[in-house]
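Asker: One structure, pasted below without further comment.
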Amino acid sequence: MAKFVLVVEDDPDQRRFMERALGAAGWRVITAPDGEAGVRIAEAERPAVIVLDVMMPLLNGFQTCRKLRQSATVGRTPIVILTSKDQPTDALWATEVGADAFMHKPVDIHALLGTLERLGGPA
Numbered sequence: 012m013a014k015f016v017l018v019v020e021d022d023p024d025q026r027r028f029m030e031r032a033l034g035a036a037g038w039r040v041i042t043a044p045d046g047e048a049g050v051r052i053a054e055a056e057r058p059a060v061i062v063l064d065v066m067m068p069l070l071n072g073f074q075t076c077r078k079l080r081q082s083a084t085v086g087r088t089p090i091v092i093l094t095s096k097d098q099p100t101d102a103l104w105a106t107e108v109g110a111d112a113f114m115h116k117p118v119d120i121h122a123l124l125g126t127l128e129r130l131g132g133p134a
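Numbering (our numbering), first residue to last: 12 to 134.
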């Protein structure tokens, strides 16, 4: 059975890219267009790992991560935060809110797959 990843990304092109690339590598992928939907879907579907964009409407990636960490259902699920921002404080914020990994966009899909396998198990 394929491992299951939730990708929370507001950009439709990025969502489709991640869905195709991760799916081709054997992951079952479900997506959400914003942080609020991401929290709802994570609690309902219980993915093995969650990938969050930082810059999103409603809840940004840091807020979403913090909310997920407070969840009784998915509070221990590994979380990877992705950002196109180049701020030194972003990695610190990711750690502060409980992310397990932090990566920059454009994402190296092989590096992301390695991180997902390390955190969520092999596909």
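Glycine residues also receive a C-beta, built at the ideal position from the N, C-alpha and C atoms.
Starting from Thr94, follow its DSSP beta bridges and name the residues at the other end.
Answerer: Its beta-bridge partners are His115.
Asker: May I ask you to report which of helix, strand or coil DSSP gives Leu138?
Answerer: Because the chain is modelled from 12 through 134, residue 138 falls outside the range shown and cannot be assessed.
Asker: Can you tell me whether DSSP reads Asp24 as helix, strand or coil?
Answerer: Asp24 falls in the helix class under three-state DSSP.
Asker: Consult DSSP for Arg129 and reduce its assignment to one of helix, strand or coil.
Answerer: Looking at Arg129 - three-state DSSP - the assignment turns out to be helix.
Asker: Run the CB neighbour count on Pro117, radius 10 Å, all protein chains shown included, and call it buried at 16 or more, exposed below.
Answerer: Exposed.
Asker: Would Val65 and Thr106 qualify as a contact pair, given that the criterion is a beta-carbon distance under 7 Å?
Answerer: Not closer than 7 Å, so no.
Asker: Nearest to Lys14 by alpha carbon, out of His115, Leu79, Ala59, Arg80?
Answerer: Ranking the options by Cα distance to Lys14, first place goes to Ala59.
Asker: Skipping 5 residues on each side, what residues in its chain have a beta carbon closer than 8 Å to that of Leu86?
Answerer: The question names Leu, but residue 86 in the sequence shown is Gly. Same-chain partners within the cutoff: Leu79, Arg80.
Asker: Hey, would you say Gly49 sits closer than 7 Å to Ala55, going by beta carbons?
Answerer: No; because the gap between Cβ atoms is not below 7 Å, this pair is not in contact.
Asker: So, helix, strand or coil for Arg87, using DSSP?
Answerer: Arg87: coil per DSSP, three-state reduction.
Asker: Please look up how many angstroms separate the CB atoms of Val19 and Val40, rounded, as I've assumed it's under 8 Å.
Answerer: Contact doesn't hold; Cβ gap of about 11 Å is too wide.
Asker: Please go through the same chain and pick out, in chain order, the residues whose beta-carbon is closer than 8 Å to the beta-carbon of Asp119, but skip the five residues on each side of it.
Answerer: No residues qualify anywhere along the chain.
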